[in-house]
Each structure stands twice: as C-alpha cells, then as structure tokens.
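Numbering (this note's numbering), first residue to last: 425 to 557. Cβ atoms here follow ideal geometry from the backbone N, Cα and C, with glycine treated the same way. Below is one structure; the comments refer to it alone.
The following block contains the structure:
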C-alpha cells in the first residue's frame, strides 16, 4: 500500500513542476525566438527596423509600442518572473495570476496565428489531412 501524502507535498511537487515548465519555455523564448513570432498579433507590433515590410501599414494599433522580437523577449522575462514567483510562498498567488494571464495570451495568439495560417507553417496540418481523404 502506498503511503498517504499530504495535500501540501502534492501542491509543492506541482508548483515546482509548473515552475520548471515555465523556465523551460522562457529559455526557448531566448534561444529560438523566431518560433514565437507568429504568436504575436500584428496590432501589437510596430514595424521592425530590420524588416520594415514585415508588417503591413494600417495593421498596427495604439498598442504597437514594441517590435515582435521585443514582445517575445518581454513574454520570456514574464515567464521567468512567474516561475521564480511560484517558488516563493509570499509571491505565489501573484505569480499564479501572472502564469494564468500568460497562458491565456499564448492561447489567444496561437488561435489567431492558426486562423491566419502562420503558426503551423512547415508542419502537417491535421485538418488538411482530413479534408484530403
């Protein structure tokens, strides 16, 4: 028979696991930022200095204060902040809220990118395979 575990120890394991996943994702933001560019909506991005034609005129809104690269870096830093905050009991609640907001923003960006067709470029799209059959 397995020993009984307290809710506190289970919560601690899940908190550490969640923190580790956030740190792994944050590292990916800095090592391979191009993977996250399609997730950043156009209305948030000002045209980049290196690629002025990358964002069509008129698509940028009032929230276009950072470039696509800067948004990816900021989200990576926020993930590091959330990961560290989850490990510190006094900041755990605020870090949980931040983590939830990051998840919602990521899901929204992923859905918008899939609708535009930019997220899964170069991969086999599961819905395209179904239509072909």
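As a beta-bridge residue in DSSP terms, residue 490 pairs with 469. Distances from the alpha-carbon of residue 507 to those of 522, 495 and 433 put 522 closest.
Boundaries for residue 541: no alpha helix (DSSP H) harbours it, and the DSSP string shows neither H nor E there. Inter-residue distance for residue 451 and residue 540 is about 26 Å (C-alpha atoms, whole angstroms). Taken through DSSP and simplified to helix, strand or coil, residue 527 comes out as helix.
In this structure, the CA atom of residue 510 is about 8 Å from the CA atom of residue 442.
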